[in-house]
Amino acid sequence: MVETVRGLDIVEAVERVGLRYINYFGFDIFSQAKLLVSLGGQPLKSDETLVRAIMPGKRFKSLLHVSNRATIMIEGAPKTGSVIDVDTSLESELDDFFDKAVDIVEEGHTEEKEVFFSLLTDEYIATLNPEYPEK
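Using our numbering, you'd call the opening residue of the sequence shown number 2 and step up by one each time.
See below:
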């Protein structure tokens with residue numbers, strides 16, 4: 002896709018590269034998250050909680066939304082549950098984007114995954130039966 006856009010010769014400059022992943026859970030994700038929301042030193046328990054934060058990364062930044070009461074469309078049907086929405090972006094060092102697009106996108110994807118998995122407890126991650134590539 003990047004080569005197609007490059008070949009059209011219509012883009013003068015790339016100002017932002019972003020990757021967005023919206024992860025849906027059919028339960029209150031705060032029960033399985035390392036993210037702690039408190040009020041007056043006490044854990045905040047709510048059927049409707051939304052946390053928004055901008056998290057700096059190594060080179061990218063991630064706009065994070067975590068909600069335990071969101072409605073999204075899945076296969077044409079509305080589903081209500083929890084959402085972890087991570088929009089990871091880079092808005093600088095893009096002068097040579099077309100020459101380094103694959104590396105830039107892969108780096109952003111790696112940072113997005115780091116943000117996502119840093120939110121979840123190790124116990125919950127284990128239930129997902131992750132497979133890790135050999136190094």
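Even glycine gets a Cβ: it sits at the ideal position worked out from N, Cα and C.
Per-residue burial, residue i [other beta carbons within 10 Å of its own, 16 or more giving buried]
i: Leu40; result: exposed
i: Leu91; result: buried
i: Ala34; result: buried
i: Ile85; result: buried
i: Thr122; result: exposed
Beta-bridge pairing of residue i - partner residues as DSSP gives them
i: Val87; result: Tyr22, Leu65
i: Arg53; result: His66
i: Ala127; result: Note: Ala127 sits in no beta bridge, so no partner.
Helix, strand or coil at residue i [DSSP, three-state]
i: Ile11; result: coil
i: Glu39; result: According to the sequence shown, residue 39 is Ser rather than Glu. Ser39 falls in the strand class under three-state DSSP.
i: Lys46; result: coil
i: Lys80; result: strand
i: Thr111; result: helix
Supposed close pair residue i, residue j - CB separation, criterion 8 Å
i: Glu113; j: Leu20; result: 6 Å
i: Ser31; j: Asn69; result: A small fix is needed here, since residue 31 is Phe in this sequence, not Ser. Correct: roughly 5 Å between the Cβ atoms.
Practice prompt. Mind the definition here: the stretch 124-136 touches the stretch 43-52 only if three or more C-beta pairs lie below 8 Å; say whether that holds.
Written response: Contact between the stretch 124-136 and the stretch 43-52 is absent: fewer than 3 CB-CB pairs across the two stretches fall below 8 Å.
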